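Asker:
In the working numbering, the protein residues as written are 39 to 87.
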(Lines of atoms letter the chains of each structure in order from A; the text may use other names.)
(Lines give C-alpha, C1' and ligand atoms only; values in the text may rest on other atoms or scores of the structure.)
Protein backbone atom coordinates (compact mmCIF):
# COMPACT_ATOMS: atom_id res chain seq x y z
CA UNK A 39 0.00 0.00 0.00
CA UNK A 40 1.62 3.24 -1.13
CA UNK A 41 1.50 6.31 1.06
CA UNK A 42 -0.26 9.31 -0.45
CA UNK A 43 2.14 11.89 -1.80
CA UNK A 44 1.66 15.62 -1.60
CA UNK A 45 1.14 17.26 -4.98
CA UNK A 46 3.64 20.12 -4.73
CA UNK A 47 2.55 21.44 -8.14
CA UNK A 48 -0.99 22.01 -6.83
CA UNK A 49 -0.08 22.87 -3.24
CA UNK A 50 2.18 25.87 -3.90
CA UNK A 51 -0.20 27.81 -6.18
CA UNK A 52 -3.09 27.03 -3.85
CA UNK A 53 -1.24 28.34 -0.82
CA UNK A 54 -0.02 31.37 -2.75
CA UNK A 55 -3.52 32.20 -3.96
CA UNK A 56 -4.98 31.72 -0.50
CA UNK A 57 -2.35 33.99 1.01
CA UNK A 58 -2.99 36.63 -1.65
CA UNK A 59 -6.74 36.59 -0.99
CA UNK A 60 -6.17 36.76 2.78
CA UNK A 61 -3.83 39.75 2.48
CA UNK A 62 -6.20 41.49 0.07
CA UNK A 63 -9.08 41.02 2.54
CA UNK A 64 -7.00 42.31 5.42
CA UNK A 65 -6.10 45.43 3.44
CA UNK A 66 -9.76 45.99 2.53
CA UNK A 67 -10.83 45.63 6.18
CA UNK A 68 -8.08 47.97 7.35
CA UNK A 69 -9.11 50.66 4.87
CA UNK A 70 -12.76 50.27 5.87
CA UNK A 71 -11.95 50.53 9.57
CA UNK A 72 -9.86 53.63 8.93
CA UNK A 73 -12.79 55.20 7.14
CA UNK A 74 -15.32 54.32 9.84
CA UNK A 75 -13.28 54.74 13.02
CA UNK A 76 -10.55 57.14 11.99
CA UNK A 77 -6.81 56.60 11.74
CA UNK A 78 -6.00 57.24 15.41
CA UNK A 79 -8.28 54.42 16.61
CA UNK A 80 -6.66 51.96 14.23
CA UNK A 81 -3.19 52.99 15.36
CA UNK A 82 -4.25 52.43 18.97
CA UNK A 83 -5.69 48.99 18.19
CA UNK A 84 -2.49 47.93 16.42
CA UNK A 85 -0.32 49.07 19.34
CA UNK A 86 -2.50 47.33 21.94
CA UNK A 87 -2.81 44.12 19.97
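Note that the Cβ used here is the ideal one computed from N, Cα and C, for glycine as well.
Computed from a prediction, not measured in an experiment: that's the story for all the values here.
Distance, Cα to Cα, residue 69 vs residue 60?
Answerer: Taking the straight line joining both Cα atoms gives about 14 Å.
Asker: Quick check: what's the CA-CA separation for residue 84 versus residue 57?
Answerer: Rounded to the nearest angstrom, the two C-alpha atoms are 21 Å apart.
Asker: For residue 44, does the three-state DSSP call read helix, strand or coil?
Answerer: It is coil, neither helix nor strand.
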